[in-house]
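To keep things clear, I will list the structure first and then write my remarks on it.
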Ligand SMILES: C[S@@+](CC[C@H](N)C(=O)[O-])C[C@H]1O[C@@H](n2cnc3c(N)ncnc32)[C@H](O)[C@@H]1O
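Below, the structure is given as structure tokens:
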């Protein structure tokens, strides 16, 4: 079942969607040590730093981006922190994450679209995004969380949003709990958030989401 929040109450805009994703991930990672967190779209590295801080000294963050320019910005941001040693960055499409990740993942963050301040023609795309989500869900530990910040205002954004929603709808209700947050008018252009929690016998307490 997909629960939708925001259609009646107005959409959650811009940075608020990212803040909401961070709040969910923060709650899921609380008390976790030594886990693997995935940043599927490293970009300028804000989410990478956020995950690295929470992964703890024995944790690992694995990040993917197709642009060296983005990874360089993320590396520079990580150098300003004490957490760089826990981060592996790959200049590789997230649709190939299965070639790199062998262990189960506790959280995975996707922040779709283009690199802010960068080349706006390099965007995440429906086909590869769904391939990556499929792999991320397969790698996710029971009780693990995927967040997807979806943008619809650029060319291809609406198609990608619909593809992500179709992927979510295809997940078996006994395998996943899905929440769509802040979509508002489904024909609109505002960003929204999808949270996917993996169910299972070892899943533990449900997240408030
Ligand atoms: C909105 S930005 C990510 C913002 C980032 N999470 C942050 O905190 O700064 C989206 C990123 O996705 C990247 N991207 C596009 N296609 C990709 C793919 N197939 N695999 C991985 N990253 C991709 C773009 O290069 C861009 O840097």
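Residue numbers (our numbering): 28 to 236. In this text, a Cβ means the ideal position worked out from N, Cα and C, and glycines have one as well. The model shown is predicted, which means the values in this text are computed figures rather than measured ones.
(message) Looking only at its chain, what residues have a beta carbon closer than 6 Å to the beta carbon of residue 104, apart from the 5 residues adjacent to it on each side?
(response) Counting from 1 along the chain shown, the entry for residue 104 is found at position 77. The residues are 72, 76.
(message) Given this structure, state the Cα-to-Cα distance separating residue 80 from residue 220, to the nearest angstrom.
(response) Residue 80 sits at position 53 when you count from the first residue of the chain shown. Residue 220 sits at position 193 when you count from the first residue of the chain shown. When rounded, the distance between both Cα atoms is 22 Å.
(request) Go ahead and label residue 225 buried or exposed: buried means 16 or more other beta carbons lie within 10 angstroms of its beta carbon, across all protein chains shown. (result) Stepping through the chain shown from its first residue, residue 225 is reached at position 198. Buried, because 16 or more other Cβ atoms sit within 10 Å of the Cβ of residue 225.
(request) Taking all protein chains shown into account, decide if residue 127 is buried (16 or more other Cβ within 10 angstroms of its Cβ) or exposed. (result) Residue numbering aside, residue 127 sits at position 100 when the chain shown is read from its first letter. Looking at its Cβ environment, which holds fewer than 16 other Cβ atoms inside 10 Å, residue 127 is exposed.
(request) Tell me whether residue 73 counts as near ligand 1, meaning its Cβ is closer than 6 Å to at least one heavy atom of that ligand. (result) Along the chain shown, read from residue 1 onward, the residue named residue 73 stands at position 46. Yes; taking the cut-off as 6 Å, the Cβ of residue 73 has a heavy atom of ligand 1 nearer than that.
(message) For ligand 3, I want to know if residue 117 counts as a neighbour, meaning its beta carbon is within less than 6 Å of at least one of the ligand's heavy atoms.
(response) Only ligand 1 can be found as ligands here, which leaves ligand 3 out of the picture.
(message) Within 10 Å of its beta-carbon, does residue 138 have 16 or more other beta-carbons around it, so buried, or fewer, so exposed?
(response) For the purposes of this step, residue 138 is taken as residue 111 along the chain shown, with counting starting at 1. The residue in question, residue 138, is buried, as its Cβ has 16 or more Cβ neighbours within 10 Å.
(request) Output the boundary residues of the beta strand (DSSP E) element that contains residue 225. (result) Position 198 of the chain shown holds residue 225. Start and end: 219–225.
(message) Quick check: what's the CA-CA separation for residue 180 versus residue 212?
(response) Taking the first residue of the chain shown as position 1, residue 180 is located at position 153. Taking the first residue of the chain shown as position 1, residue 212 is located at position 185. Cα to Cα, residue 180 sits roughly 13 Å from residue 212.
(message) Quick check on the DSSP output: the beta strand (DSSP E) that includes residue 65 runs from which residue to which?
(response) Here residue 65 corresponds to residue number 38 of the chain shown, with the count starting at 1. Here the beta strand (DSSP E) through residue 65 covers 63–66.
(message) Rounded to the nearest angstrom, what separates residue 36 and residue 46 at their Cα positions?
(response) Against the chain shown, residue 36 aligns to sequence position 9. Against the chain shown, residue 46 aligns to sequence position 19. Its pLDDT being 35, under 50, residue 36 is placed unreliably in this model, and the value from its coordinates should be taken loosely. Taking the straight line from one Cα to the other gives about 18 Å.
(request) Output the boundary residues of the alpha helix (DSSP H) element that contains residue 127. (result) By 1-based counting over the chain shown, the position of residue 127 is 100. Note, residue 127: premise wrong, no alpha helix (DSSP H); not H, not E.
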